[in-house]
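Novice: Numbering (the numbering used here), first residue to last: 7 to 364.
The following block contains the structure, expressed as structure tokens.
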């Protein structure tokens, strides 16, 4: 693999990053956090990202998509993580991927064009409690589904949900098919999570869902790792810039050796980890024998690194780092979600060890 982005990938990142700078600055993200009531997403921002083709990245060209690879989706996830963007990217991308990989030609034609354009929003329901991936505990009785899924991203806004079932199969449940949604009170208000209760909900099995399910899970780990890298990298840069302008004892605090060491340690922990998620995405695309192991390693290391970097960022900012008005708590809360969703770092390390035969 050439560990450099192509000109087309640079153009993709530049266009997404430029839009986020214009439409999703820190003040805008704070407004999402400060809005009373339930956390939601920025529909206007999602519409603008849809115009750039973000929901279409991995959808086949035959169904209105761009037909690109996971590395392309991952570098967009990094940009969204850097901006702490309040959009339903994660669940939507995974649901579209599940249908692209597991749906029959008829199922793909029915659902993917609207997902690629952003006309409809989709999500995935995999969680069986904090951090658990247990589709084998679910079964589809005839054509109906009964049970509860939790930690479902943006279920309240979703037009359809891809649900993990018994034997690793996947099924699609459309809005109005017989389910209720309760928004969870979670720390990260930029990415709402819901509990979904299905009561004899009409569901349709994806034709090749058992093949697609583990691939979608690995892709989720890579996208979380990419988001974590983007957030951690932003926190390092934010801390460095603050150290340059904050003065103490008549000089910038960047002059103090103790803080310099801390900032260097933060940078050294973050920048080399970019290659972990790049390789994991490349392995998913081109090295199937290494894909699952690489995804587990990337998710474990980057999620843990991100959470530690946010703690260091609070320390580097001193008293202001503990305030609601500063950006630090937003990134720490996103780090907590990246750390916990679909398995903690320790769970993914165990998975990597098992896959390696240790």
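Beta carbons are placed, not taken as given, at the ideal position from N, Cα and C, and that holds for glycine.
1. With distance defined between alpha-carbon atoms, name the residue in 275, 52, 151, 332 nearest to residue 128.
2. Quick check: residue 27 and residue 54, are their CB atoms within less than 8 Å of each other?
3. What's the C-alpha gap between residue 183 and residue 208?
4. What's the call for residue 215, buried or exposed, on a 16-neighbour Cβ count within 10 Å?
5. For residue 233, which of 327, 274, 90 has the nearest alpha-carbon?
6. I'd like to confirm the pairing. Which residues does DSSP put opposite residue 207 in its beta bridges?
7. Would residue 308 and residue 235 qualify as a contact pair, given that the criterion is a beta-carbon distance under 8 Å?
8. Would you mind sorting residue 50 into buried or exposed? The rule is 16 or more other CB atoms within 10 Å of its CB.
9. Pick from 164, 86, 103, 316: whose alpha carbon is nearest that of residue 76?
10. Return the residue from the list 302, 304, 251, 291 that minimises the CA-CA distance to residue 323.
11. What is the C-beta distance between residue 109 and residue 61, in whole angstroms, given that I count them as a contact (C-beta under 8 Å)?
12. Taking the alpha-carbon positions, what's the residue 69 to residue 225 distance?
13. Suppose you measure from the CA of residue 284 to the CA of residue 339; what does that come to, to the nearest Å?
14. Helix, strand or coil, according to DSSP, for residue 343 in the structure here?
15. In chain order, what residues of the same chain have a beta carbon less than 7 Å from the beta carbon of residue 58, not counting five sequence neighbours either side?
16. From residue 188 to residue 253, what distance separates their C-alpha atoms?
17. Buried or exposed for residue 18, going by 16 or more other Cβ atoms inside 10 Å?
18. Go ahead and label residue 357 buried or exposed: buried means 16 or more other beta carbons lie within 10 angstroms of its beta carbon, across all protein chains shown.
19. Quick one: using the 10 Å Cβ neighbour count with 16 as the cut-off for buried, is residue 93 buried or exposed?
20. List the whole-angstrom C-beta distance separating residue 325 from residue 88, where the pair is believed to meet the contact cut-off of C-beta under 8 Å.
21. Quick one: is residue 274 buried, meaning 16 or more other Cβ sit within 10 Å of its Cβ, or exposed?
22. Identify which residue in 151, 126, 175, 193 has its Cα closest to the Cα of residue 162.
23. Could you say which of 174, 186, 173 lies nearest to residue 155 if we only look at CA atoms?
24. Looking at the structure shown, is residue 94 part of a helix, part of a strand, or coil, going by DSSP?
25. Should residue 280 and residue 361 be called a contact, given that it needs their Cβ atoms to be closer than 8 Å?
26. Which of the three DSSP states, helix, strand or coil, is assigned to residue 141?
27. Quick check on residue 78: buried or exposed, where buried means 16 or more other Cβ atoms within 10 Å of its Cβ?
28. Going by the CB atoms, is the gap between residue 229 and residue 83 shorter than 8 Å?
29. May I have the straight-line CA-CA distance separating residue 337 from residue 194, to the nearest angstrom?
30. In whole angstroms, give me the CA-to-CA distance for residue 277 and residue 48.
31. Take the Cβ of residue 31 as the centre, count every other Cβ of all protein chains shown within 10 Å, and call the residue buried at 16 or more, exposed below.
32. Rounded to a whole number of angstroms, what is the C-alpha to C-alpha distance between residue 294 and residue 359?
33. Within the continuous beta strand (DSSP E) that includes residue 60, where are the two ends?
34. Provide the residue(s) that pair with residue 200 in DSSP beta bridges, ordered along the chain.
35. Is the CB-CB distance between residue 272 and residue 318 below 8 Å?
36. Apply the 10 Å Cβ neighbour rule to residue 10 and answer buried if 16 or more other Cβ atoms are within range, or exposed otherwise.
Specialist: Taking the structure as given:
1. As a first step, residue 128 is located in the chain shown; it is residue number 122 there, counting from the start. Checked all of 275, 52, 151, 332; the closest Cα to residue 128 is 52.
2. Taking the chain shown and counting its residues from 1, one reaches residue 27 at position 21. Taking the chain shown and counting its residues from 1, one reaches residue 54 at position 48. Not a contact, by the Cβ cut-off of 8 Å.
3. Counting from one through the chain shown, the residue named residue 183 turns up at place 177. Counting from one through the chain shown, the residue named residue 208 turns up at place 202. About 5 Å.
4. For the purposes of this step, residue 215 is taken as the residue at position 209 of the chain shown. So residue 215 counts as buried.
5. Against the chain shown, residue 233 aligns to sequence position 227. It is 90.
6. Against the chain shown, residue 207 aligns to sequence position 201. In the DSSP output, where bridge partners are listed per residue, residue 207 has 151.
7. Locating residue 308 in the chain shown gives position 302, counting from the first residue. Locating residue 235 in the chain shown gives position 229, counting from the first residue. A contact, by the Cβ cut-off of 8 Å.
8. Here the question's residue 50 lines up with position 44 in the chain shown. With fewer than 16 Cβ atoms within 10 Å of its Cβ, residue 50 is classed as exposed.
9. Counted from its first residue, the chain shown places residue 76 at position 70. Taking each of 164, 86, 103, 316 in turn and checking the Cα distance to residue 76, the smallest one comes out for 103.
10. To locate residue 323, count along the chain shown from 1; it is residue 317. Restricting attention to 302, 304, 251, 291, the CA atom closest to the CA of residue 323 is found in 251.
11. The residue you call residue 109 lines up with position 103 of the chain shown. The residue you call residue 61 lines up with position 55 of the chain shown. The C-beta separation of residue 109 from residue 61 comes to about 16 Å, leaving the pair out of contact by the 8 Å criterion.
12. Within the chain shown, residue 69 is the residue found at index 63, counting from 1. Within the chain shown, residue 225 is the residue found at index 219, counting from 1. Each residue's Cα considered, the two are about 20 Å apart.
13. Here residue 284 corresponds to residue number 278 of the chain shown, with the count starting at 1. Here residue 339 corresponds to residue number 333 of the chain shown, with the count starting at 1. Taking the straight line joining both Cα atoms gives about 24 Å.
14. Position 337 of the chain shown holds residue 343. If DSSP states are grouped into helix, strand and coil, residue 343 belongs with the helices.
15. Here residue 58 refers to the residue found at position 52 of the chain shown. Closer than 7 Å at Cβ, skipping near neighbours: 21, 22, 25.
16. Counted from its first residue, the chain shown places residue 188 at position 182. Counted from its first residue, the chain shown places residue 253 at position 247. Straight across, the Cα-Cα distance linking residue 188 with residue 253 is about 47 Å.
17. The residue given as residue 18 occupies position 12 in the chain shown. Here residue 18 is buried, its C-beta having at least 16 other C-beta atoms within 10 Å.
18. Indexing the chain shown from 1 puts residue 357 at position 351. Looking at its Cβ environment, which holds 16 or more other Cβ atoms inside 10 Å, residue 357 is buried.
19. On the chain shown, residue 93 is found 87 positions in, with the first residue counted as 1. Under this definition residue 93 is a buried residue.
20. Here residue 325 refers to the residue found at position 319 when the chain shown is read from its first residue. Here residue 88 refers to the residue found at position 82 when the chain shown is read from its first residue. Not confirmed; about 25 Å, so no contact.
21. Within the chain shown, the letter at position 268 stands for residue 274. Around the beta carbon of residue 274, a 10 Å sphere encloses fewer than 16 other beta carbons of the protein chains shown; the residue is thus reported as exposed.
22. Taking the first residue of the chain shown as 1, we reach residue 162 at position 156. It is 126.
23. Along the chain shown, read from residue 1 onward, the residue named residue 155 stands at position 149. Of the candidates 174, 186, 173, the one whose C-alpha sits nearest the C-alpha of residue 155 is 186.
24. Taking the chain shown and counting its residues from 1, the one referred to as residue 94 is at position 88. Correct three-state label for residue 94: coil.
25. For this step, residue 280 is matched to residue 274 along the chain shown. For this step, residue 361 is matched to residue 355 along the chain shown. No, these two residues do not count as a Cβ contact at 8 Å.
26. The count along the chain shown starts at 1 and reaches residue 141 at position 135. The pLDDT assigned to residue 141 is 48, lower than 50, so where the model puts this residue is not dependable, and the model offers no usable value.
27. If you number the chain shown from 1, residue 78 lands on position 72. By the 10 Å Cβ count, residue 78 comes out buried.
28. Taking the first residue of the chain shown as 1, we reach residue 83 at position 77. Taking the first residue of the chain shown as 1, we reach residue 229 at position 223. It is a contact, given that the beta carbons lie within the stated cut-off.
29. Here residue 337 refers to the residue found at position 331 when the chain shown is read from its first residue. Here residue 194 refers to the residue found at position 188 when the chain shown is read from its first residue. Between residue 337 and residue 194, the C-alpha separation is close to 9 Å.
30. Working through the chain shown from its first residue, we reach residue 277 at position 271. Working through the chain shown from its first residue, we reach residue 48 at position 42. C-alpha of residue 277 to C-alpha of residue 48: approximately 29 Å in a straight line.
31. Taking the first residue of the chain shown as 1, we reach residue 31 at position 25. Looking at its Cβ environment, which holds fewer than 16 other Cβ atoms inside 10 Å, residue 31 is exposed.
32. Reading the chain shown from its first residue, position 288 is the one you call residue 294. Reading the chain shown from its first residue, position 353 is the one you call residue 359. Within the model, the alpha-carbon separation for residue 294 versus residue 359 is close to 17 Å.
33. Looking up residue 60 in the chain shown gives position 54. Counting along the chain, residue 60 falls outside any beta strand (DSSP E), and DSSP gives it neither H nor E.
34. Against the chain shown, residue 200 aligns to sequence position 194. Answer by DSSP bridge pairing, in chain order: 158, 189.
35. Here the question's residue 272 lines up with position 266 in the chain shown. Here the question's residue 318 lines up with position 312 in the chain shown. Taking 8 Å as the Cβ cut-off, residue 272 and residue 318 qualify as a contacting pair.
36. Locating residue 10 in the chain shown gives position 4, counting from the first residue. So residue 10 counts as exposed.
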